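Residue numbers (our numbering): 7 to 139.
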């Protein structure tokens, strides 16, 4: 039995939506991991800079190297306080990125599902029409 052009089109779109859905599910799973364990998904540079006071201070000095005056290193207690606060904010930011990614991916998944079912019905009707003729 020969397929109609409409059926081929609808099946091709359905296939494309399945491919997009699989990719979107992978991105969604990563976003969920980002929400559950933001320290794990944080980029290495960001993570390493908060692991010790020395690493944190060197990263801060590098950030302000273009300033005219030299930055004085604060006491260890103050530096630890700044570092832990910076790390806390970085983790919150990473988790927020995860929520944003999951929201975007959720929208894409919903659109994929909608487009898939519309085109699947079109393909079924085209096949039924083709059988009847």
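We put the beta carbon where it would ideally sit given N, CA and C, even for glycine.
For clarity, every value in this text was computed on a predicted model and none was experimentally measured.
CB contact flag (residue i, residue j, <8 Å)
i          : j           : result
residue 36 : residue 92  : no
residue 52 : residue 96  : yes
residue 38 : residue 108 : yes
Span separating the alpha-carbon of residue i from that of residue j
i           : j           : result
residue 45  : residue 99  : 11 Å
residue 86  : residue 106 : 30 Å
residue 116 : residue 125 : 14 Å
residue 20  : residue 54  : 44 Å
residue 23  : residue 123 : 10 Å
residue 42  : residue 114 : 21 Å
residue 66  : residue 104 : 26 Å
residue 50  : residue 18  : 41 Å
residue 83  : residue 64  : 16 Å
residue 127 : residue 134 : 10 Å
Anticipated Cβ contact below 8 Å, residue i with residue j, distance rounded
i           : j           : result
residue 111 : residue 33  : 5 Å
residue 136 : residue 26  : Contact doesn't hold; Cβ gap of about 27 Å is too wide.
residue 3   : residue 132 : Within the shown structure, residues of the chain are numbered from 7 to 139, placing residue 3 beyond reach of any answer.
residue 89  : residue 59  : 6 Å
Residue environment, residue i, which counts as buried when at least 16 other CB atoms sit within 10 Å
i           : result
residue 62  : buried
residue 48  : buried
residue 129 : buried
residue 30  : buried
residue 94  : exposed
residue 13  : buried
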